[in-house]
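Have a look at the structure below, then the notes.
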Amino acid sequence: MRILNIIFISIFVSIGLIINHAAAYDNASVFAPGMFTAKSIHSGKPTQTLINNVHIFDGKNEERIMNANVLIEGNTIKHVSQDPIVADGANIIDGGGRTLMPGMIDGHAHVMINADFGPVERDMDITDISYNAVIVAERFLMDGFTAVRDMGGPAFGLKRAIDSGKIVGPRLYPSGGFISQTSGHGDFRDRADPGFSIHDDGDLSNFERMGIGNVVDGVPEALKATRLNLRNGATQIKIMGGGGGSSRFDPIDTTQFSEDEICAIVEATKDWGTYVAAHTFTDRAVNRLLDCGVKTFEHGFFISEKTMKRIAKEGGYVVPQMWGISPDLAKNPLMPADKIPMVQALGKKFADFGRNLVKNKVKVVFASDYVGKFEDAERARRYELWWRTQTFDSNFEVLKQLTSVAGEMLAMSGPRNPYQEGKLGVIEEGAYADLLLVEGNPLKDITVIGGTDKWFDANPEWKPIDTIDLIMLNGAIYKNTL
Ligand SMILES: [Zn+2]
């Protein structure tokens, strides 16, 4: 359903956007190098920030902690209290009765697949998508997302640049190139392309050449691709376990990879202490993936309640981008007219997917997962925030998917988790200080964190979310309009 488009995003345009938007971050603090090890330069004493007079959504409980105060020390939350906190020398912020909530987490995004498929497949090289990714990363953070699990693409260098403070962006959990079988959801070769062999670089598609994906067949190739990603620093492995909408040669109902191949990938990943995520839609595929120990299921719209129960019982997660079943998808200008009835029928048929996941106690994580022009991905992300509240019937459920449940999922990377000092997605003592200060109450009104019912009809120009007044990542302030 992500349709080819041939509009080319010039890197010069991209650079212009960065310069234009820098002015939008009024009063943002200095983006200091080394932010992920932020410590005071004075005599070893960590810096403290005291945020007073806030109502806290802690990521887990529907009731906010009213009239509270939070002390941040270095990069973690030191103290949460409804009594006054005394902290001499702390930088003091008056929250003015706003909502303090954990930074949001996107459980499935593609920071490096940030232009339309046609150009990415045929006309772009790694520098094109890298320049775009700098903008993508910055806007994720400025939209209030402090962590992103990247589900396919060469995001390792981007992550290093963010972590070292060279550029601004969220914490990244990269999967590296997604792993697909021949004719699978990651096989983007066109009919005119030569056949691909992992042993012969001359046969690579542009997707594979840039490290967006790997096409492999048989256990040895599957293991090699898995281990290459792990060597590069993948925090989890992403495989294509079934058909999809954006790829040409794999009908959406197909099951992909044999049990031998999947189990080999899972074992090699477990040997590194982390887990496998799979793109999948059907019962047949999900059950095969569960048999091998795959932990997160991306999309999953067509699964039965029986399979949902099995996922819940085995501690798996479903990470669906709900816009995939939105009637508004038909408004995508790239949608061919003959596909619109099919898209609308699917949306109707699976309208209760979200409600059924909750009813069957499946852990669900937020996913924006739009592959294409990054401006369209940003609009899709804000639309997804609103659309989820309609499909899950609850702002609280969606907010948990964006915070505590997503944080739990990220922690499954175990020893491969790059951020192990504290929890993500919660406000509690010892958790990382990834925080948003929001004018209004997102438990009642999702628009205050950027949600909107406009999608393709929304203004394509990125603008800051005025009701997010303060963005803190790892104890450092990136936006402060107070
Ligand atoms: Zn995806």
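Numbering (this note's numbering), first residue to last: 40 to 521. Virtual Cβ for every residue (Gly too), placed ideally from N, Cα, C.
Going by beta carbons, Ala470 and Lys462 fall inside the 8 Å limit. Excluding five sequence positions before and after Phe227, the CB atoms of its chain that fall closer than 6 Å to its own CB belong to Glu160, Ser244, Phe246, given in chain order. Sequence-distant partners of Leu512 (beyond 5 residues in either direction) whose C-beta falls short of 6 Å from its own C-beta, in its chain, are Thr185, Asp473. With a threshold of 16 other beta carbon atoms within 10 Å, Gly312 falls short and is exposed. Approximately 4 Å separates the beta-carbon atoms of Ala129 and Leu89; this is inside 8 Å, confirming the contact. With fewer than 16 other Cβ atoms inside 10 Å of its own Cβ, Lys370 counts as exposed.
Of the heavy atoms belonging to ligand 1, none sits nearer than 7 Å to the Cβ of His224. The Cβ atoms of Asn268 and Gly216 lie closer than 8 Å to each other.
In this structure, ligand 1 has no non-hydrogen atom nearer than 7 Å to the beta-carbon of His94.
Going by DSSP, Thr491 is part of no beta strand (DSSP E) at all; its letter is neither H nor E. Cβ atoms of His147 and Arg188 come within 8 Å of each other, at about 6 Å. Around the Cβ of Ser286, a 10 Å sphere holds 16 or more other Cβ atoms; the residue is buried. For Gln87, there is no enclosing alpha helix (DSSP H); the enclosing beta strand (DSSP E) covers residues 87 to 95. Closest in C-alpha terms to Ala416, from the list Pro375, Met279, Asn498, Ala445, comes Asn498. Between ligand 1 and Gly192, a heavy atom-to-CB distance of less than 7 Å is absent.
If you check the C-beta of Val410 against ligand 1, you find a heavy atom less than 7 Å away. Between Ala176 and Ile152, the gap from beta carbon to beta carbon reaches 8 Å or more.
Remark: the shortest separation between the CB of Glu447 and any heavy atom of ligand 1 does not fall under 7 Å. Contact between the region 190 to 208 and the region 431 to 442 is absent, with fewer than three C-beta pairs closer than 8 Å. Within the same chain, and ignoring the five residues on either side of Met448 in sequence, the residues whose Cβ sits closer than 7 Å to its Cβ are Gly146, Thr335, Tyr356, Val404.
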